[in-house]
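Novice: In this note's numbering, each residue carries its 1-based index in the sequence shown increased by 5.
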Amino acid sequence: MAGATDHRTVLDHLDHLRAGHARNAQAEVAVQVVAGQRVLVVGLGASGRAAAALLGRLGALPAVTDDHLLADLDADTAGAMGRPEVVAPSDALAAVAEFDLVVCSPGIPRAHALLAAAVGCGVEVISELELAARHASTPLIAVTGTNGKSTTVTLLAAILRAAGRRVFVGGNLGDPLSNAVAGKGSQDDDRWDCCVVETSSFQLEWVDEFHPRAAAILNLSPDHLDRHGTFEAYRDAKLRIFARMGPDDHAVLNRDESWWRKYAAGIGAPLSTFGSSASAPAGQGAVYDPAARQLRATDGRVVTLGRGAWPRAPYDFANLAAAAELARRIGVGWDAVEEAVASFSGLEHRLRLVATVDGVEFWNDSKATNIGATIASLEALSGAVVLLVGGVAKGASFEALARAVGDHGRVKLVAAFGEAAGGISEALGSVAAVETASGLDGAFALAVERARPGDAVLLAPACASFDEFSGYAERGRAFEALVAARSG
6 MAGATDHRTV LDHLDHLRAG HARNAQAEVA VQVVAGQRVL VVGLGASGRA AAALLGRLGA
66 LPAVTDDHLL ADLDADTAGA MGRPEVVAPS DALAAVAEFD LVVCSPGIPR AHALLAAAVG
126 CGVEVISELE LAARHASTPL IAVTGTNGKS TTVTLLAAIL RAAGRRVFVG GNLGDPLSNA
186 VAGKGSQDDD RWDCCVVETS SFQLEWVDEF HPRAAAILNL SPDHLDRHGT FEAYRDAKLR
246 IFARMGPDDH AVLNRDESWW RKYAAGIGAP LSTFGSSASA PAGQGAVYDP AARQLRATDG
306 RVVTLGRGAW PRAPYDFANL AAAAELARRI GVGWDAVEEA VASFSGLEHR LRLVATVDGV
366 EFWNDSKATN IGATIASLEA LSGAVVLLVG GVAKGASFEA LARAVGDHGR VKLVAAFGEA
426 AGGISEALGS VAAVETASGL DGAFALAVER ARPGDAVLLA PACASFDEFS GYAERGRAFE
486 ALVAARSG
């Protein structure tokens, strides 16, 4: 009976997600944007600017506000948005009840006073992703998860293009979806067969009618707890990707994840899975085997991968299997998978060998911004490792990383840096030698001093970068510059 109770609880939980979150409880009917409506856009990052431009094209009367960027709003940027009304944050807060809808950028936390005020007076709050999806005429394919989203989305787009599909790629990666709906942005063709969108928990926590035709959750591990508060809240935001899907859609889950069966029964769409060969029940979708460098389909088709640089790590194979399974479920054959993989080399700052200097390998995985990603990166290297970890912690405990370092057994040094250095040292000091530095430069110097020929120096920070850099990409470039200076 306990199992039956747990099953009913899960179904109820997903029904709750479908019904909409309590944050919009007072907005009984979802607001559709029509000409003449006043819509407030909160946040002037890329997605906020795209939302304002789309609203203008829809005939709405957009206003924009931002706690920090209004002073930097120049004429060209305002013109690209259609010259919306610009409202100071204090004025927006005082007048929020006068708007028909609020659209928030993903960087705006749910607890922000302006969003809370909107919810409190019954004004619906949605994300830019939700705004664009409500007005999209092109089928959406959505991917979320803790790690691997960008790689999977990029590879899926390559597979679809190899099959002759015209594909917009964006969302949390690159162009906001609003650019596709508005027919503008950095991708030239505005006549799309489908839109492949990477979706983050920040975007999904403010969706209600978002309805992809196919969607996948790649994996889940604690991340962004500084924003969501608990893993459960983070997980619930991710699960909203499936909330509006039905029998004509298709959901894909990772069967190597312990949680997938718990939530599978509550998903309203047909379901398939992907996973490693060790965990593959018959007929359960794509199977990957890193040792054999093979990907197998349910129908027995096998793709044998060459010995190139990609895929390298087990999680690369998992991302490939997810992309292939999504493609298969929308009618794309595996010939396109083979063609796309043959020319795919992975993305920047994802476990890439920068150089070998004096017998020491230097690996850049700056995109490993959470503990799960760092563990996966570490497990992909079998030799002795000097590990660079640090930046701004995101609320998760470093205990799991400590266990992984201990299990690996060949971490010669953990060079901890940035704001999180003290916490990392405390958590990992019992399983490995740890030295601390104020920034990446100092950690790199510690690593170089300790590394010997045959070792690997791995940048896999497990943290955000904003104490020292504008983002993971700048941090990765800084690491590569340090390697170049040493090899030059």
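Quick reminder that beta carbons are idealized off the backbone N, C-alpha and C, glycines included.
Only a predicted model underlies this, so the values are computations on that prediction, with no experimental measurement involved.
(1) Contact check, T156 vs L310 under 8 Å by CB: the rounded distance?
(2) How far does the alpha helix (DSSP H) with K267 in it reach, from first residue to last?
(3) Going by beta carbon distance, what residues of the same chain come within less than 7 Å of W211, once the five residues before and after it are set aside?
(4) In three-state terms, what does DSSP make of A456?
(5) Does DSSP put Q299 in a helix, in a strand, or in coil?
(6) Just to confirm, are G411 and T151 a CB contact at a threshold of 9 Å?
(7) Taking all protein chains shown into account, decide if T361 is buried (16 or more other Cβ within 10 angstroms of its Cβ) or exposed.
(8) Measuring CB to CB, does L383 end up less than 9 Å from L392?
(9) In whole angstroms, what separates the C-alpha of V128 from that of S387?
(10) Take E90 and list the residues in its own chain whose beta-carbon comes closer than 6 Å to its own, dropping the five residues that flank it on each side.
(11) Specify the secondary structure class of N3 as computed by DSSP and reduced to three states.
(12) Reducing DSSP to helix, strand and coil, say where T374 ends up.
(13) Based on Cα-Cα distance, which residue from D472, V101, R139, R170 lies nearest to V124?
(14) Grouping DSSP H, G and I as helix and E and B as strand, with all else coil, what is L356?
(15) Write down every uninterrupted run of the beta strand (DSSP E) in the segment 379–425 whose length is 3 residues or greater and which is fully enclosed by it, in chain order.
(16) Three-state secondary structure (DSSP) at P94?
(17) Tell me the residue span of the beta strand (DSSP E) that contains R43.
(18) Quick check on the burial criterion: 16 or more other C-beta atoms within 10 angstroms. Buried or exposed for E366?
(19) Give the DSSP-derived three-state secondary structure of W211 in the structure shown.
(20) For a quick check, are the C-beta atoms of V46 and T70 less than 9 Å apart?
(21) Relative to the C-alpha of W368, which residue among A456, F173, N177 is closest?
(22) In whole angstroms, give me the CA-to-CA distance for R43 and A65.
(23) Check whether the Cβ of A448 lies closer than 9 Å to any Cβ atom in chain C.
(24) Looking at C-beta atoms only, is the number of pairs between the segment 439–452 and the segment 403–419 that lie closer than 8 Å three or more?
(25) Where does the unbroken beta strand (DSSP E) through W368 begin, and where does it stop?
(26) Per DSSP, which residues does G175 bridge with? Please list them.
(27) The alpha helix (DSSP H) spanning S281 covers which residue range?
(28) In whole angstroms, what separates the C-alpha of L451 from that of G423?
(29) Mark A327 as exposed unless 16 or more other C-beta atoms lie within 10 angstroms of its C-beta, in which case mark it buried.
(30) What residue from G336, A76, S206 has the CA that sits closest to H224's CA?
(31) How many Å lie between E103 and E203 at the Cα?
(32) Can you give me the Cβ contacts of V337 inside the same chain, cut-off strictly under 8 Å, excluding the 5 residues immediately before and after it?
(33) In whole angstroms, what is the alpha-carbon distance linking A147 and G364?
(34) Grouping DSSP H, G and I as helix and E and B as strand, with all else coil, what is L230?
(35) What separation, rounded to the nearest whole angstrom, lies between the Cα atoms of S492 and A116?
(36) Using a Cβ-Cβ cut-off of 6 Å (strictly less than) and excluding sequence neighbours within five positions of A448, which residues of its own chain qualify?
Specialist: For this structure:
(1) If you number the sequence shown from 1, residue 156 lands on position 151. If you number the sequence shown from 1, residue 310 lands on position 305. Actually they do not touch by this definition, with Cβ atoms about 15 Å apart.
(2) Here residue 267 refers to the residue found at position 262 of the sequence shown. If you look at K267, you'll find it in the alpha helix (DSSP H) that goes 265–269.
(3) Position 206 of the sequence shown holds residue 211. For W211, where only same-chain residues beyond five positions count, the Cβ hits under 7 Å are C109, V130, I131, S132, E135.
(4) Taking the first residue of the sequence shown as 1, we reach residue 456 at position 451. DSSP, reduced to helix, strand and coil, places A456 outside both helices and strands of the structure shown, so it counts as coil.
(5) In the sequence shown, residue 299 corresponds to position 294, counting from 1. Secondary structure at Q299: strand, using DSSP grouped into helix, strand and coil.
(6) Along the sequence shown, one-based indexing puts residue 411 at 406. Along the sequence shown, one-based indexing puts residue 151 at 146. By the CB criterion at 9 Å, G411 and T151 fall outside the cutoff.
(7) Translated into positions along the sequence shown, residue 361 becomes position 356. It is exposed - the Cβ of T361 has fewer than 16 other Cβ atoms within 10 Å.
(8) Reading the sequence shown from its first residue, position 378 is the one you call residue 383. Reading the sequence shown from its first residue, position 387 is the one you call residue 392. At the C-beta level, L383 and L392 come within 9 Å of one another.
(9) Position 123 of the sequence shown, counted from the start, is the residue given in the question as residue 128. Position 382 of the sequence shown, counted from the start, is the residue given in the question as residue 387. Near 54 Å, if we compare the C-alpha coordinates of S387 and V128.
(10) Numbered from its first residue, the sequence shown carries residue 90 at position 85. Same-chain partners within the cutoff: A68.
(11) Limits of the chain in this structure are 6 at one end and 493 at the other, which puts residue 3 out of reach.
(12) Along the sequence shown, read from residue 1 onward, the residue named residue 374 stands at position 369. Correct three-state label for T374: coil.
(13) Sequence index remark: in the sequence shown, residue 124 carries index 119 (1-based). The shortest C-alpha to C-alpha distance from V124 to any of D472, V101, R139, R170 is the one to V101.
(14) Here residue 356 refers to the residue found at position 351 when the sequence shown is read from its first residue. Note: L356 maps to coil in three-state DSSP.
(15) Fully enclosed beta strand (DSSP E) runs of 3 or longer: 390–395, 416–422.
(16) Position 89 of the sequence shown, counted from the first residue, corresponds to residue 94. Helix at P94.
(17) Along the sequence shown, read from residue 1 onward, the residue named residue 43 stands at position 38. Note, R43: beta strand (DSSP E), 43–47.
(18) As a working note, residue 366 is residue 361 in the sequence shown. Of the other Cβ atoms in all chains shown, 16 or more fall within 10 Å of the Cβ of E366; this residue is therefore buried.
(19) On the sequence shown, residue 211 is found 206 positions in, with the first residue counted as 1. Three-state result, W211: coil.
(20) For this step, residue 46 is matched to residue 41 along the sequence shown. For this step, residue 70 is matched to residue 65 along the sequence shown. For the pair V46 and T70, the CB atoms are nearer than the 9 Å cut-off.
(21) One-based indexing of the sequence shown puts residue 368 at position 363. Closest by alpha carbon: A456.
(22) As a first step, residue 43 must be located in the sequence shown, where it is residue number 38. As a first step, residue 65 must be located in the sequence shown, where it is residue number 60. Those two C-alpha atoms are separated by around 6 Å.
(23) Looking at the structure shown, chain C is missing, and only one protein chain is on hand.
(24) Counting Cβ pairs under 8 Å, three or more are found: they touch.
(25) Walking along the sequence shown from the start, residue 368 turns up at place 363. Counted as a single uninterrupted DSSP element, the beta strand (DSSP E) harbouring W368 occupies residues 365–369.
(26) Taking the sequence shown and counting its residues from 1, one reaches residue 175 at position 170. G175 pairs with D180, V202.
(27) The count along the sequence shown starts at 1 and reaches residue 281 at position 276. Looking at the DSSP string, S281 is not in any alpha helix (DSSP H); the run it does join, the beta strand (DSSP E), is 276–281.
(28) Along the sequence shown, read from residue 1 onward, the residue named residue 451 stands at position 446. Along the sequence shown, read from residue 1 onward, the residue named residue 423 stands at position 418. So the two alpha carbons sit approximately 14 Å from each other.
(29) Sequence index remark: in the sequence shown, residue 327 carries index 322 (1-based). Classification for A327: buried.
(30) Counting from 1 along the sequence shown, the entry for residue 224 is found at position 219. A small correction: the amino acid at residue 224 is Asn; His does not occupy that position in the sequence shown. The option with the nearest alpha carbon to N224 is S206.
(31) Taking the first residue of the sequence shown as position 1, residue 103 is located at position 98. Taking the first residue of the sequence shown as position 1, residue 203 is located at position 198. Looking at the two C-alpha atoms, the distance is approximately 32 Å.
(32) Within the sequence shown, numbered from 1, the residue matching residue 337 stands at position 332. Taken in chain order, the residues that qualify are I164, L165, A168, R170.
(33) Looking up residue 147 in the sequence shown gives position 142. Looking up residue 364 in the sequence shown gives position 359. Approximately 42 Å between the Cα atoms of the pair.
(34) As a first step, residue 230 must be located in the sequence shown, where it is residue number 225. In the three-state DSSP reduction, L230 falls in the helix class (H, G or I).
(35) For the purposes of this step, residue 492 is taken as the residue at position 487 of the sequence shown. For the purposes of this step, residue 116 is taken as the residue at position 111 of the sequence shown. Approximately 47 Å between the Cα atoms of the pair.
(36) Here residue 448 refers to the residue found at position 443 when the sequence shown is read from its first residue. Contacts found: L393, A420, F422, A442.
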